[in-house]
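Which chain is which? The protein sequence lines are A and B, in order. Position 3 of the first sequence, counting from 1, maps to 3 under the working numbering, and the rest follow consecutively. Position 10 of the second sequence, counting from 1, maps to 98 under the working numbering, and the rest follow consecutively. Where a beta carbon is used, it is the ideal one built from N, C-alpha and C, also for glycine. The model shown is predicted, which means the values in this text are computed figures rather than measured ones. The block underneath contains the structure these notes are about, expressed in structure tokens.
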Amino acid sequence: MNRKPGESQSAPSRGEIENLCLLSAIPDEGCALSELPVRMGLSPLLEEPVAEAIVPLVNAGWVQEVDRCVSVSAAGRAWLEERLSEMA
Amino acid sequence: MGTDVPNTSSGINLTPAIRSSLQAKLERLLARPIIAAIPSASSAANGATRFGGPDIFRALQLAAQDSQPSAGRSGQGGPWTENPEDGTCLVRIEIDYDDLWRSREKEILETVKNTVESPVTFLTSEQKTLLERSPREFLELNPRPESAELVAYRLESKGGSERVVELTLAAPPASPAYVRFIAIVPNLVQIERQLDGLQTVEQASDDGPLGPLRALVGLCDVSRLQTLSDAAPPIAPESPATGERLDEFQAECIAKAMSTPHFAVIQGPPGSGKTTVITSVIRRAIARGDRVLVVSPTHVAVDNVVEKLVPKPDDLTEDRLEPHTMPVRYSARKNKLSDRAMEYWVGGKRQLRGATISRRLQQRLTAHVPVAKSLFAREDSNAHGSAALSASIAAVERVICGTPIGVLSYATVRGAAPGAFDLLIVDEVSKMTLPEFLAIAVKAKRWVLVGDPQQLPPYNNSEENGPTLDDVLGAHLELVCSVGAILERTKPYHRRATRLIVVASEPARTVSAIRAHVSAVNLESSPPVATLDEGPMDGIVVCGLDSLDAACEALSPMRNRDRTHAPDQRGSLPLLVERGIRVTRPEYASGTRLVETRYRCQALIFENAFNVYHAQPWSERAGQKLAIVRFRNGLEKYLPSVAAVASVNGHADALLNSDAHRTIRGEIAARYAINTVSVYDWLTGIPAEYFDVSPLLELQRLSHPGLCSAVRAFVGVLKKQYRMHSSLSRIPRELFYYNEALHDGKKDESADCRVALVQVSEGGDAGSETNSQECERICRLLADLNARVPDQEKKPGIMVITPYRDQKALLSDTIDELRDRGQINRLDVDAFTLDSCQGREAEYVLISLVRSKATPFFDMPKRWNVALTRAMLRLFIVGNIDSYLREAVDARRHPRNQPREKGGPARPLMSLLARILEAYDRQIAEYQRSKP
């Protein structure tokens, strides 16, 4: 992970931007991993790479994954909002 | 006899012959490798040379250095200077020009030139010693010594000759400190990889993924292929995907490629949409979950596929980063790739593809994720760390593209198990031989082969291929047949006066074998053949090594004149030495010269059989005799005759001799086919029915009808062309495709004739293969075109094509001058030889003929087909057109040039070029008549 919640830096790195995009692409009610590439405008054939990119977010506790369905945790939501507001 | 050809129930097992061929090539390459020393940092600095003379202190110093890692490190001031831009590295080298390679600067330069774009091998001191002592043991080293592609070289002039002093390599060695030498051996790695491929096929099981390859080389029953074909689902033409436009032939070929359980073969004439078909197959294969490998012997063809797969820069709105749009374009270095293909370049240590994919992802996220736009606007571009999504998407390598041997250097491919890729697509397969195909084919389990047998065949280097017959002929028989070759190449009225010294291990036996052979093959007016003792000294003298000086003394034309020590002086006495006998320099220096490898029978068998193989089928189908086809008459004179075989065997049993003779001829045919026949022909049928002379006659036995029959359902032809204006496609369609393909797929805007024959009366420049008059005329045409075309962003492409390298160099220089003077600023002009223009197209094509009279080199239909089918809008043929037209008129007018053979129809005997120009001239006249 590039940054922990609470850390403050206005200019995000490419990795952080991609993570924020991933988090913001997951709807509040969660979704199947297979839907996630399409929600980001990517090919459905990219399910596996997107799933791989989610793993660090799951490990950080920002995303929960159950039976190949993902949802954003409260901590993840908080970090997302915090970073977006920092950059607003 | 070295190898026999056991017959399986399916066909001939080709693997022993393939192995022997490759081993023979390797041994030839390693017989005298060029080994360049790398001066250590200190010696490079003070200018000392490694081979600098008998300085004992210097030698001791170097020996001490050899035992420990050199001080220099890559990029740290040592002998290796790395270029951070592209990862290449420069290294200064020292070649032993003073002793081992004395007076052979030209030979070294030629070898180094031929090695560019091929790997060179890094050697430690121990490895170098092993290579010199025992090439065979060197080849068995495991792990193999490191290698890197030779990118360029630098010359320095010394004593009036150019010496290679520096190499540019695609990458430095991993452990430069231990590398002391570089072996410059062209094709070494290629052949090793072909051997690896062969071994993998041999070790595979008949039922496994490589079963079809085993059937192809005759290791298992072809009925397995037929069973697979029968079980395949029925082929239904594919309907076009979104944004795809396919004609009926393209749709059919795609369907065949997608449904084949083993091989699919697609013939794609020029401009027929080969690349469209290939990319459509890739798209469908990826959609069904396949991993695809795409290879072609030429970078241009690989780049064409990559460019068609990736989204256009102005069309990124619908870019969903589909896996097929993110190919890996592997190449040891990126310089030779097109601009767009370069964006997907992956090299040994560096790559550009990851950044390209990251950029595309950014564009997609910006368009689809609401917060992305503002986030990317604030990106800290200096921040380090990985971008997980970009990285994991870039790790999707479902399509890997490269050259067949080059791509095997890519770790993902090199480390892949046999059959790991679902599909291998080979473009320009008609340029690929069987061993070259096997090297990469073992990585896949199904194969789609795209090519055109009417375009350039595999490259035949007769001197390189010749030694593959070593074990078939044996030294003695080869010597006898080479005498036949020398006599055959001498005009009959000069033959009687031929003088030749033959150095043999058993002179008496050789004399009787030569006499028997010469008489058996009807070499009329042959000179007397005798041993030195038999005298009188005239004609062909056969002697042992110990009496060579005496033979030279007796036969030398310089006997009563001043002696010369120039071995290639005109009038010097040719010396033909039995293979295995080493004649050292002083022994042949006195007014004699060694017969070069290219004039010995092995090279000539390959050379002439190759010419006939590619010209005779056209000659038969087009109903026109070609001078080059008459080369087949010579083959019989230097192929082993029954009498020569009997003489070598030493027994008189006619039946046994006849059997041995047949076996040798069959094996020669196998070696010929393995090294020069394309995979396309192996799978669709070798055209053996057109041949009437050995070794081509024996190809019938090798061409397996069961194999062709099993593949037939998956063979398709793209019959429509979309490149050329109809007035440009007409003659190639009639002459080279017999009106069976190259039909116009689109309607022309205008019905004019776009071919122009531009007369330049002056002949070629004396003593060279250039024609400055034609060059000047072409410059005027270019300037004229430049004035006519509007100044636009995309400049029209112009290809200037010529048969000869010298003329190409002259044209390139002149084009550069025009460019510098701003006289062709609206055009994108490049010069090519006939053999280097395949796979390209341009709006305008100008062909410089150079010569006023055709040579055998001109009589190759496949060469001209390629050159004449590059133009999209207009074709100019510049040369002494009138001379060729006169030749055509004479050939049709004079019956003496039209012998009736076997009661068949009369055929004019003219050069191919005369026939081509005659056809264009008629077309132009026809158009002019039809004009209101």
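Got a sec, what are the start and stop residues for the alpha helix (DSSP H) G442/B sits in? 441–456
How do the stretch 378–392 of chain B and the stretch 822–837 of chain B stand: do at least 3 beta-carbon pairs fall below 8 angstroms, yes or no? The stretch 378–392 of chain B, when compared against the stretch 822–837 of chain B, does not touch it at the 8 angstroms Cβ threshold.
Where L661/B and E193/B are concerned, what is the direct C-alpha to C-alpha distance, given to the nearest angstrom? Distance between the alpha carbons of L661/B and E193/B: 24 angstroms.
Can you pull the chain A residues whose beta carbon is under 8 angstroms from the beta carbon of G436/B, in chain order? Per Cβ cutoff of 8 angstroms: no residues; G436/B is ~24 angstroms from chain A at best.
Of the choices V803/B, T212/B, W706/B, whose alpha-carbon is the least far from that of R347/B? Just to set this straight, residue 347/B is Ser in the shown sequence, not Arg. Considering only alpha carbons, the answer is V803/B.
Which residues, in order along the stretch 31–49 of chain A, keep a beta-carbon less than 9 angstroms from a beta-carbon of chain B? P37, V38, R39, M40, G41, L42, S43, P44, L45, L46, E48, P49
Short of 7 angstroms Cβ to Cβ, which residues in the stretch 464–479 of chain B face chain A? Residues of the stretch 464–479 of chain B whose Cβ lies closer than 7 angstroms to any Cβ of chain A, in chain order: F464, R466, E467, D468, A471, G473, S474, A475, A476, L477, S478.
Straight-line CA distance for Q809/B to P358/B? 7 angstroms
V501/B, enclosing alpha helix (DSSP H) - first and last residue: It spans 499–502 - the alpha helix (DSSP H) in which V501/B sits, taken as one unbroken run.
For Y547/B, three-class secondary structure by DSSP: It is coil, neither helix nor strand.
Using beta-carbon positions only, say whether V629/B and L643/B come within less than 8 angstroms of one another. yes
Can you tell me which of the three DSSP states S71/A falls into? strand
Assumed close pair V487/B, P415/B - CB separation to whole angstroms, cut-off 8 angstroms: 4 angstroms
Starting from L869/B, follow its DSSP beta bridges and name the residues at the other end. Looking at the DSSP assignment, L869/B forms no beta bridge with any residue, so it has no partner.
Does the beta-carbon distance from G306/B to G507/B come in below 8 angstroms? no
What first and last residue would you give for the alpha helix (DSSP H) that runs through M346/B? 336–347
So is A11/A in contact with chain B if we call contact Cβ pairs under 8 angstroms? yes
Does P27/A get closer than 8 angstroms to chain B when you measure Cβ to Cβ? no
Beta-carbon separation of I1012/B and L845/B under 8 angstroms? Contact flag set, yes.
With 16 as the cutoff for other CB atoms within 10 Å, does N171/B come out buried or exposed? exposed
Quick one: list the residues of chain A neighbouring L409/B, beta-carbon separation under 8 angstroms, in chain order. L42, S43, L46
I think I866/B touches V843/B, with their Cβ atoms under 8 angstroms apart; what is that distance to the nearest whole Å? Contact flag wrong, Cβ pair sits at about 16 angstroms.
Three-state secondary structure (DSSP) at Q880/B? coil
Against chain B, with Cβ distances strictly below 8 angstroms, would C21/A count as a contact? Interface annotation, C21/A: in contact with chain B, CB-CB separation under 8 angstroms.
Compute the Euclidean distance between the alpha carbons of A74/A and R447/B, then round it to the nearest angstrom. Rounded to the nearest angstrom, the two C-alpha atoms are 31 angstroms apart.
From V590/B, R981/B, I493/B, pick the residue whose C-alpha is nearest to that of L283/B; which is it? Ranking the options by Cα distance to L283/B, first place goes to I493/B.
Quick test of your reading: G361/B and L806/B, contact by CB under 8 angstroms. State the CB separation rounded to the nearest angstrom. 6 angstroms
Straight-line Cα distance separating E336/B from E395/B: 24 angstroms
Closest Cβ-Cβ distance between A829/B and chain A: below 8 angstroms? No, A829/B does not count as interfacial toward chain A.
Taking Cβ positions only, does R452/B come closer than 8 angstroms to chain A? yes
A979/B to G885/B, Cα distance in whole Å? 37 angstroms
Is the number of C-beta pairs between the stretch 921–934 of chain B and the stretch 786–799 of chain B that are closer than 8 angstroms three or more? Touching, no, given that fewer than three Cβ pairs across the two stretches are closer than 8 angstroms.
Taking the alpha carbon of A601/B as the reference point, which residue from A731/B, W952/B, S235/B has its own alpha carbon closest? A731/B
Helix, strand or coil at S191/B according to DSSP, with G and I counted as helix: coil
My assumption, with CB atoms under 8 angstroms, is that A685/B sits in contact with A112/B. Please give the rounded CB distance. Per the sequence shown, residue 685/B should be read as Thr rather than Ala. In fact, because the Cβ distance is near 13 angstroms, the residues do not count as touching under 8 angstroms.
So is A259/B buried or exposed if we call it buried at 16+ other beta carbons inside 10 Å? buried
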